[in-house]
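Chains as they are written, first to last, in our numbering: chain R, 763 to 1182; chain G, 763 to 1182.
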């Protein structure tokens, strides 16, 4: 297949591009490099020293003999050029990662709330509009988020996109219908993914567009088989309070002896997936496109759920790193249960990588290798969901290295047995 | 109350501004004059010769001694100035009409699809973001549309915003919950109103914002008590294929002897409201704001439902104007039933103006007065929902005046009795 990968320079986009190129697909990355610009803005870089786009493509060619094409383009603002590229390449599928994807960043300032809405909505809508405009019948595969469902305890497992309900009919009889699962976004970022769903449903209905939306859990890990082939192919690794996902951030904190910052009680249950499963899921979704005229196909792209404080305890037990319960900057339920149905990917053959299978060690190895690059003052999340939360936020803790118990990294190799 | 009225120059915004000023509220109109620009773009003007903003305000002062303030501002792009105005005026409520509101216009070209999404989403989000930013605790009253629900026949009356459903709990028991009614937008324009709902729900939950969303039916009529006070206060009247609403368009066609163009079978049932009820509903909504922390308050702002072909037959019987069944440019159900619950406004004291109460004559009087201004080639809707619909669209019919039976306008004064 010929594939456009929007946002192919990012944390999930890059390993996906390599994986699909390795599978023999013709890959065209389209990226505006916004994530690299945000690194500069936030004064924190990827823990791993990621190579330039040109160097990444060169390294891939040298390692595998395969070519990845690259177009620097802002999908949110360069509509005409997007249409030109669709005409020129006529892709079979477009995989869309081109969105601002950090919840804390989306809540940080009015400017960033507005940037997130404008960028994410315009990107999604420009893509859909351009496909109709260019008359390209490509399958759209979009990265959504489990966060569209909200995390309130409904007492039952979250179905894959559609919820079966009974409603009262005009004749007084109750009847059963499938509806798009009601949304309950927890941040502006999450709200944009709910908005995407509305646009997808409309274009699927009105234009017969074939669309798959992948409601992904929190990604952890960093390397995949392909990114490990050459140091210049290394994937980005975010550990800061805005872009660092919770487990990755704990592992960085452990490696530094920086107390594991748990928000609130840590009673939040979240869904997780390892980066190498993410790329496999996207491959499976590509192979199983909906038919023209079919409703949007929605997968829950998550393999397990964990309570945040349990993850902290797990890392604490292995490394000795203490836990610091800090005020939660998010406006959310203190504790929640969460169960997620992910039958579709399992049925398609996904064999999930679990948290306890030793991959935490690989992450720690990466952290230790690049430890000198860490800016520890960027680790806490200082993005407040409301003004009231802001005033309660503690400042980044001052760390006295002498008082912090040094992490016992060696012990982590046995984490698999302990956690299982 | 001190009120900001965004889009206060428009078809609903202007009579609402006058009505609320007449009630003693301090009114600040904020408008970017986009609707007047679209007149130029579409090469068709309001049937009624609307005065300039300055002249409108002057006439209002002369007629009533009251002042309406006016700020020309694009809410979608001039965020900083919006925040400044909120700081300066500290309004008690903001009424938001500042949206591109024509479904056919929103489907006309890729450029207009994108304009509608960008303009409408940015306006809504900028307003919400600015209110939090400026720390102004204003009640937001927004004009939504009945179109968010879709018009598919669910067999039961459409509730006001929230649908009671039974879902399967984790324990196997079914339980009853209220959810935001599932959306099924019929155009890009309607999709933006569904998107608004997501943003409103988020800001109500996260920031405790007090928001009322009014899901309005199709407005008919043109004048209210206040717009009739002076010719310079006249409200705009759209009759073209993009902005003209169905009943107003039929009345213009009848006055011209231009066959009444019914899309498809005319079996579409729609909800209607007269312009003077619209302004009263907004006044009622203002007086009954939700409490801080309460969910978004949603009203169905419609007073009656009619099948489109029944409206055409009604106008035909009175005027003799023939009916022309043309290809439907919209991608929608051929026939649908529709029942709408509007108990909330009735409970608050709304005494609806019905279609059969003689107001059609007033509209016809207006049309006849300004008949010379009509550009008949702009009457048909030539905006196609998909390319397939485009190729089936008939061109604007050539009209031979000699063949068209002249409308019997006098007969319309008895339409009330006949239709009841």
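All C-beta atoms in this analysis are idealised placements derived from N, C-alpha and C, irrespective of residue type, glycine included.
Proximity of residue i and residue j at Cβ, strictly below 8 Å
| i | j | result |
| --- | --- | --- |
| residue 1083/G | residue 1030/G | no |
| residue 950/G | residue 868/G | yes |
| residue 737/G | residue 983/G | With chain G running from 763 to 1182 in the structure shown, residue 737/G is simply not present. |
| residue 1112/G | residue 1046/G | yes |
| residue 1073/R | residue 1012/R | yes |
| residue 791/G | residue 767/G | yes |
| residue 858/G | residue 903/G | yes |
| residue 1145/G | residue 1004/G | yes |
| residue 905/R | residue 848/R | no |
| residue 979/R | residue 1035/R | yes |
| residue 926/G | residue 938/G | yes |
| residue 963/G | residue 879/G | no |
| residue 955/G | residue 883/G | no |
| residue 895/R | residue 834/R | no |
| residue 968/G | residue 1148/R | yes |
| residue 965/G | residue 888/G | no |
| residue 853/G | residue 942/R | no |
| residue 815/G | residue 771/G | yes |
| residue 934/R | residue 1055/R | no |
Cβ distance (whole Å) where residue i is taken to contact residue j below 8 Å
| i | j | result |
| --- | --- | --- |
| residue 908/G | residue 774/G | Actually they are not in contact, since the Cβ atoms of residue 908/G and residue 774/G sit about 14 Å apart, beyond 8 Å. |
| residue 900/R | residue 893/R | 6 Å |
| residue 1027/G | residue 1097/G | 6 Å |
| residue 837/G | residue 860/G | 5 Å |
| residue 806/G | residue 1137/G | 5 Å |
| residue 959/R | residue 1128/R | Contact doesn't hold; Cβ gap of about 34 Å is too wide. |
| residue 1060/R | residue 923/R | 3 Å |
| residue 1185/R | residue 765/R | The shown model of chain R, from 763 to 1182, leaves out residue 1185/R, and the question about it has no answer. |
| residue 1121/G | residue 1032/G | Rounded, the Cβ-Cβ distance is 17 Å, inconsistent with contact. |
| residue 1140/R | residue 1002/R | 4 Å |
| residue 778/R | residue 1041/R | 5 Å |
| residue 1024/R | residue 1086/R | 7 Å |
| residue 1078/G | residue 1022/G | 6 Å |
| residue 780/R | residue 989/R | 6 Å |
| residue 1095/R | residue 974/R | Not really, about 30 Å apart at Cβ, beyond 8 Å. |
Range of the contiguous beta strand (DSSP E) that encloses residue i
| i | result |
| --- | --- |
| residue 858/R | 855–858 |
| residue 981/G | 980–982 |
| residue 1044/R | Premise fails: residue 1044/R lies in the alpha helix (DSSP H), 1037–1049, not in any beta strand (DSSP E). |
| residue 924/G | 924–930 |
| residue 905/G | 901–907 |
Limits of the unbroken alpha helix (DSSP H) element including residue i
| i | result |
| --- | --- |
| residue 846/G | 841–851 |
| residue 1081/G | 1070–1081 |
| residue 967/G | 950–969 |
| residue 794/R | Element bounds for residue 794/R: n/a, residue is neither H nor E. |
| residue 821/G | 815–826 |
| residue 875/G | 872–895 |
| residue 733/R | What is shown of chain R runs 763 to 1182, which leaves residue 733/R out entirely. |
| residue 943/R | First-last for residue 943/R: undefined, no H or E at that position. |
| residue 1127/R | 1121–1131 |
| residue 752/R | No statement about residue 752/R is possible, as the shown extent of chain R runs from 763 to 1182 and does not include it. |
| residue 1106/R | 1105–1109 |
| residue 768/R | Here residue 768/R belongs to no alpha helix (DSSP H); instead the beta strand (DSSP E) covers 764–768. |
| residue 867/G | 865–868 |
Indicate whether the contact test is met: 3 or more Cβ pairs, each with one atom in the region 928–938 of chain R and one in the region 985–1000 of chain R, closer than 8 Å. no
Does the region 866–886 of chain G come within contact of the region 775–786 of chain G, defined as at least 3 CB pairs closer than 8 Å? no
Listed in chain order, which residues of the region 871–892 of chain R have Cβ atoms closer than 7 Å to some Cβ of chain G? 872, 875, 876, 879, 880, 883, 884, 887, 888, 891
contact_flag[the region 816–830 of chain R, the region 857–867 of chain R] where n(CB pairs < 8 Å) is 3 or more: no
Contact between the region 1079–1093 of chain G and the region 1057–1069 of chain G (3+ Cβ pairs under 8 Å): no
Under 7 Å, CB to CB, which of the residues in the region 958–992 of chain G have a partner in chain R? 960, 961, 964, 968, 969
Residues in the region 1084–1106 of chain R having any Cβ partner in chain G nearer than 8 Å: 1093, 1101
Relative to chain G, which residues along the region 902–935 of chain R have a C-beta separation below 8 Å, given in chain order? 916, 917, 918, 919, 925, 926, 927, 928, 929, 930, 931, 932, 933
Please list, in chain order, the residues of the region 838–850 of chain G that have any C-beta partner in chain R closer than 9 Å. 841, 845
Along the region 941–953 of chain R, what residues have a CB closer than 9 Å to any CB found in chain G? 941, 942, 944, 945, 946, 947, 948, 949, 950, 952, 953
Give me the subset of the region 1137–1148 of chain G whose CB atoms are less than 7 Å from a CB atom of chain R, sorted by chain position. 1147, 1148
Short of 8 Å Cβ to Cβ, which residues in the region 772–798 of chain G face chain R? none
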